[in-house]
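*Asks:* Can you keep this structure in mind? I'll have questions shortly.
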Amino acid sequence: MLPPLTRTVEGRVPNGATLATLFDRHDLGDMAHPLVEAIREVFDPRRLRVDNAYRLVLGIDDGGFRQFLYHIDDDQFLRAAATDDGFEAALVPYRQLRMEQVVEAGIDAENNSLVAALDAQDQGVLLAVALAEVLSGEIDFNNDLRRGDEFAVLYEEVHREELFGGDGEPSFSRYGDVLAADFTNDGRRLQAFRFHVPGEPEAQYFDADGRSMRRLFLRSPFRFEPRITSRFSYRRVHPVLGGVRPHLGVDYGAPTGTPVIAVATGTVVSAGRSGGSGNMVRLRHTNGYETYYLHLSAFGSGIRRGRRVFQGQEIGKVGSTGLSTGPHLDYRMRKNGTFVNPLLAHRNLPPGDPVPDEHVEAFEAVRDAALARLGSEPHIAAAPSVSAN
232 MLPPLTRTVE
242 GRVPNGATLA
252 TLFDRHDLGD
262 MAHPLVEAIR
272 EVFDPRRLRV
282 DNAYRLVLGI
292 DDGGFRQFLY
302 HIDDDQFLRA
312 AATDDGFEAA
322 LVPYRQLRME
332 QVVEAGIDAE
342 NNSLVAALDA
352 QDQGVLLAVA
362 LAEVLSGEID
372 FNNDLRRGDE
382 FAVLYEEVHR
392 EELFGGDGEP
402 SFSRYGDVLA
412 ADFTNDGRRL
422 QAFRFHVPGE
432 PEAQYFDADG
442 RSMRRLFLRS
452 PFRFEPRITS
462 RFSYRRVHPV
472 LGGVRPHLGV
482 DYGAPTGTPV
492 IAVATGTVVS
502 AGRSGGSGNM
512 VRLRHTNGYE
522 TYYLHLSAFG
532 SGIRRGRRVF
542 QGQEIGKVGS
552 TGLSTGPHLD
562 YRMRKNGTFV
572 NPLLAHRNLP
582 PGDPVPDEHV
592 EAFEAVRDAA
602 LARLGSEPHI
612 AAAPSVSAN
């Protein structure tokens with residue numbers, strides 16, 4: 232007996248749609264409610280996203296429901312099908328392939344930023360962001376880049392099978408991890424290698440000698456260095472109030488809604504409206520440090536007094552609340568009760584822990600394999616001096 236004939240309807244989730252309205256749109260009638268309930272067992276219908284792809288398979292003769300497929304994200308899709316007893320639903324992982332790639336680029340008159348240099352090599356902005364995050368403790372990508380700088384990056388590309396598990400070859404889906412980088416900046420050579428120390432919650436980056444690339448504090452409260460519009464000063468003309476008065480922080484110009492991240496692990500002292508500072512988050516860190524994030528348009532999820540936050544966690548979004556002439560972040564740092572210049576204080580902050588002695592051999596194996604892919608040799612620099620202040 233031949234299988235029943237079917238027709239396939241493909242589309243994208245329209246604005247304001249729910250699973251129920253989507254099924255009503257395709258005349259599923261009384262089947263819609265039990266189908267939604269079956270899906271609810273494995274997938275929260277509130278996670279339906281505008282413009283995500285879906286596929287509906289219906290019978291030609293009776294118009295009856297056969298199958299519904301919905302693209303959740305690059306990792307999985309939803310499959311719901313009719314059975315003799317009703318409906319069943321499941322989340323299906325996409326088959327993925329991780330491929331290591333190397334890209335080399337340089338800074339010149341035409342390509343004078345990290346984004347432009349990688350774009351010239353047909354690479355996307357997200358790779359530039361990922362590389363900047365790895366090296367942000369050593370390079371200010373807004374101010375430190377120079378013509379003649381060169382770099383090579385070993386990174387992962389994640390390739391995914393076709394939509395809903397088609398038979399075609401996997402194609403590029405997204406960037407994976409940066410595995411290693413070799414960057415020469417203004418004559419100074421920096422190397423970074425991704426290594427997961429056993430027992431640690433996540434992988435970290437270390438230089439060729441196993442020293443951590445992560446400092447106690449990130450260089451800035453952004454994932455990618457924006458432009459500085461006003462620096463720390465004891466004598467600045469206030470842009471709103473006029474007159475000369477201290478500006479005890481650094482202003483970063485960025486569009487409203489740009490994510491703001493915690494520069495270090497700490498505890499939320501306060502998160503709320505604070506007069507001319509507008510919406511502000513204040514964090515307390517170790518060693519007598521506190522950081523302040525002013526003029527926010529919104530607070531990060533769960534950011535409230537007493538909450539623990541981690542380095543790199545989003546704590547808010549850029550805004551223009553309080554005494555402000557436009558969207559920006561006023562970022563401040565205080566040490567033992569005294570405001571200090573964040574740009575200068577960062578230079579004296581110690582790095583994170585090095586690779587433990589018992590894991591050095593494993594790290595060096597990872598390092599040497601990455602260097603072979605990059606065509607480089609390990610650059611062993613002198614140990615950096617750290618101020619005790």
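For the numbering used here, count along the sequence shown from 1 and bump the result up by 231.
C-beta atoms are modelled at their ideal positions from N, C-alpha and C, and glycine is treated no differently.
Starting from PHE594, trace the alpha helix (DSSP H) in both directions and tell me its first and last residue.
*Replies:* Numbered from 1 along the sequence shown, position 363 holds the residue referred to as residue 594. Counting along the chain, the alpha helix (DSSP H) containing PHE594 begins and ends at 591-605.
*Asks:* Decide yes or no for the touch test of the stretch 273-284 against the stretch 358-366: beta carbon pairs closer than 8 Å, at least 3 of them.
*Replies:* Output reads no: the stretch 358-366 does not touch the stretch 273-284.
*Asks:* For PRO558, which residues in the same chain have their Cβ closer than 7 Å to its Cβ, ignoring the five residues on either side in sequence?
*Replies:* As a working note, residue 558 is residue 327 in the sequence shown. Contacts found: ALA485, PRO486, THR487, VAL549, GLY550 and SER551.
*Asks:* Would you list, in sequence order, the uninterrupted alpha helix (DSSP H) runs of no fewer than 4 residues that lie entirely inside the stretch 338-380?
*Replies:* The stretch 338-380 contains these whole alpha helix (DSSP H) runs: 345-350 and 356-366.
*Asks:* Which of helix, strand or coil does DSSP assign to GLU268?
*Replies:* As a working mapping, residue 268 is identified with position 37 in the sequence shown. Three-state DSSP puts GLU268 in a helix.
*Asks:* Is the stretch 304-314 close to the stretch 335-353, with three or more CB pairs under 8 Å?
*Replies:* Judged by Cβ distances under 8 Å, the stretch 304-314 makes no contact with the stretch 335-353, as fewer than three pairs qualify.
*Asks:* Can you give me the C-alpha to C-alpha distance between ARG598 and VAL244, rounded to a whole angstrom?
*Replies:* Taking the first residue of the sequence shown as 1, we reach residue 598 at position 367. Taking the first residue of the sequence shown as 1, we reach residue 244 at position 13. In a straight line, the C-alpha of ARG598 is about 45 Å away from that of VAL244.
*Asks:* Figure out for me which residue from ALA601, LEU250 and ARG286 has the closest Cα to the Cα of ALA269.
*Replies:* Locating residue 269 in the sequence shown gives position 38, counting from the first residue. Measuring from the Cα of ALA269, the nearest candidate turns out to be LEU250.
*Asks:* Going by alpha carbons, who is nearest to HIS390 out of TYR436, LEU328 and VAL356?
*Replies:* As a working mapping, residue 390 is identified with position 159 in the sequence shown. Taking only the C-alpha atoms, the option nearest HIS390 is LEU328.
*Asks:* Since I believe VAL499 is in contact with VAL540 (beta carbons under 8 Å), could you give me their beta-carbon distance rounded to a whole number of angstroms?
*Replies:* Taking the sequence shown and counting its residues from 1, one reaches residue 540 at position 309. Taking the sequence shown and counting its residues from 1, one reaches residue 499 at position 268. Right, their Cβ atoms sit about 6 Å apart.
*Asks:* By the 10 Å Cβ neighbour count, where 16 or more other Cβ atoms means buried, how is THR239 classified, buried or exposed?
*Replies:* As a working note, residue 239 is residue 8 in the sequence shown. With fewer than 16 Cβ atoms within 10 Å of its Cβ, THR239 is classed as exposed.
*Asks:* Determine the contact status of TYR520 and ARG578, defining contact as a CB-CB distance below 9 Å.
*Replies:* Here residue 520 refers to the residue found at position 289 of the sequence shown. Here residue 578 refers to the residue found at position 347 of the sequence shown. No, the pair does not count as a contact, with Cβ atoms beyond the cut-off.
*Asks:* Buried or exposed: PRO587, going by 16 or more other Cβ atoms within 10 Å of its Cβ?
*Replies:* If you number the sequence shown from 1, residue 587 lands on position 356. So PRO587 ends up on the exposed side.
*Asks:* Taking all protein chains shown into account, decide if PRO452 is buried (16 or more other Cβ within 10 angstroms of its Cβ) or exposed.
*Replies:* Position 221 of the sequence shown holds residue 452. Under this definition PRO452 is a buried residue.
*Asks:* Give every residue of the same chain whose Cβ lies closer than 7 Å to the Cβ of GLY497, excluding the five residues on either side of it in the sequence, and list them in chain order.
*Replies:* Counted from its first residue, the sequence shown places residue 497 at position 266. Result list for GLY497: LEU514, ARG515, HIS516 and VAL540, in chain order.
*Asks:* Assign PRO573 to one of two classes, buried (16 or more other C-beta atoms within 10 Å of its C-beta) or exposed (fewer than that).
*Replies:* By one-based count along the sequence shown, residue 573 stands at place 342. Buried, since its Cβ has 16 or more Cβ neighbours within 10 Å.
*Asks:* To the nearest angstrom, how far is the alpha carbon of ALA601 from that of PHE403?
*Replies:* Indexing the sequence shown from 1 puts residue 601 at position 370. Indexing the sequence shown from 1 puts residue 403 at position 172. Straight-line Cα distance between these residues: approximately 22 Å.
*Asks:* Relative to the alpha-carbon of LEU580, which residue among ARG425, GLU369 and SER508 has its alpha-carbon at the smallest distance?
*Replies:* The count along the sequence shown starts at 1 and reaches residue 580 at position 349. Among ARG425, GLU369 and SER508, the Cα nearest to that of LEU580 belongs to GLU369.
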